[in-house]
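Scroll down for the structure; my scribbles are underneath it.
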Amino acid sequence: MDQVEQALEEHATPTFMRQTRVKVDELGARFAELRVGLDEGMRAQVERTIGRKVTDLQRLATRLPAPPRGAPAEKAADTGFFGTRAGTSSRKPVTIGEGARRGPRKLGVADEVESWCGKCGEMRTSTIAAMVGAEPVQVVCTVCGSKYKYRPEPPVKRGTTPGVARPSRAPHVEDPKDKEKREFAALLQNADKVRPYAQTERYKAGEILQHAEFGRGRVESVLPRSVLVRFTIGLKPLRTGS
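Counting in the working numbering, the sequence shown runs without a single skipped number right up to 970 at its last residue.
Next comes the structure, spelled out in structure tokens:
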């Protein structure tokens with residue numbers, strides 16, 4: 729956790745940030761292997777304790793750049809008219825646009841996706857908690873905190889035909905993300921109890937605090953020597969008293 733916080737600082741080098749992301753990914757893989765060998769009761773206990781810390785750490789590390797995967801394809805030298813040997817060089821090949829997306833981005837644990845939350849009764853931004861292959865299977869709602877099966881679309885209501893769009897009288901349908909941001913901003917603005925942020929203070933999950941730069945935010949997770957706070961501009965890690 730200390731290394732992740734250092735990697736998120738303004739003066740951290742790209743190499744250190746990628747190395748830290750690799751360590752977090754390896755930690756998540758080892759934890760997943762550990763869960764497989766446990767019985768159901770022990771697995772539930774581990775998920776409530778270590779699992780929550782691993783999930784918080786993975787969520788925080790998603791802000792770090794992921795290391796490039798794979799290797800550049802080898803291409804035979806074009807001899808053209810003359811017969812020549814393939815050129816050799818002691819310099820490592822340079823990948824143009826390293827870190828840029830090439831095709832659809834692969835999802836992983838702690839990534840955020842849009843999923844139907846039955847408790848909220850609408851589409852919500854949710855954090856992936858478990859994967860099967862390349863598909864999410866369990867997610868955690870970032871608004872109400874409930875854990876549920878991943879549903880990329882709202883359930884079909886009774887009396888409607890799947891695949892057939894119902895005519896809408898409204899000329900415009902508000903985007904779920906815009907609605908969620910608007911409701912969250914209203915929650916922060918109407919909060920009665922707001923604590924000023926200070927590095928020497930301690931905070932609890934759910935508390936509303938006032939930051940000098942980011943404004944009001946809600947404490948989402950309490951970590952060792954830091955908290956993860958959701959502001960209207962997104963999640964931010966803040967240092968706190970030990």
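For each residue, glycine too, the CB sits at the ideal point set by N, CA and C.
Remember, it's a predicted structure, so these values are computed and weren't measured experimentally.
Exposure label - residue i; buried when at least 16 CB within 10 Å
i, result
"residue 752", "buried"
"residue 901", "exposed"
"residue 955", "buried"
"residue 766", "exposed"
"residue 966", "buried"
"residue 738", "exposed"
Sequence-distant residues of its chain with Cβ nearer than 7 angstroms to residue i (five each side left out)
i, result
"residue 794", "749"
"residue 928", "969"
"residue 740", "734"
"residue 930", "968 and 969"
"residue 882", "844 and 851"
"residue 729", "785, 951 and 952"
Proximity of residue i and residue j at Cβ, strictly below 8 angstroms
i, j, result
"residue 924", "residue 937", "yes"
"residue 836", "residue 851", "no"
"residue 791", "residue 736", "yes"
"residue 876", "residue 845", "yes"
"residue 973", "residue 732", "A question about residue 973 goes unanswered here, because the residues of the chain that appear run from 729 up to 970."
"residue 834", "residue 857", "no"
"residue 864", "residue 884", "no"
Residue nearest to residue i in terms of C-alpha spacing, selected from the options
i, options, result
"residue 839", "845, 867 and 860", "867"
"residue 869", "881, 862 and 843", "843"
"residue 943", "957, 934, 931 and 930", "957"
"residue 940", "933, 926 and 934", "926"
"residue 904", "880, 743, 738 and 885", "880"
"residue 871", "865, 864, 854 and 883", "854"
"residue 962", "873, 787, 930 and 740", "787"
"residue 873", "964, 739, 933 and 882", "933"
Chain-order list of residues whose beta-carbon lies under 8 angstroms from that of residue i (same chain, five-residue window excluded)
i, result
"residue 909", "960"
"residue 759", "778, 779 and 782"
"residue 917", "944"
"residue 744", "734 and 735"
Cβ shell of residue i (< 6 angstroms), same chain only, five flanking positions each side left out
i, result
"residue 1034", "The structure shown does not extend to residue 1034, since the chain is modelled only from 729 through 970, so no value can be given for it."
"residue 763", "771"
"residue 776", "none"
"residue 922", "936 and 938"
"residue 915", "none"
is_contact[residue i, chain C] using C-beta, thresh 8 angstroms
i, result
"residue 744", "Absent from the structure: chain C. Only one protein chain is present."
Does the stretch 944 to 963 come within contact of the stretch 779 to 792, defined as at least 3 CB pairs closer than 8 angstroms?
-> yes
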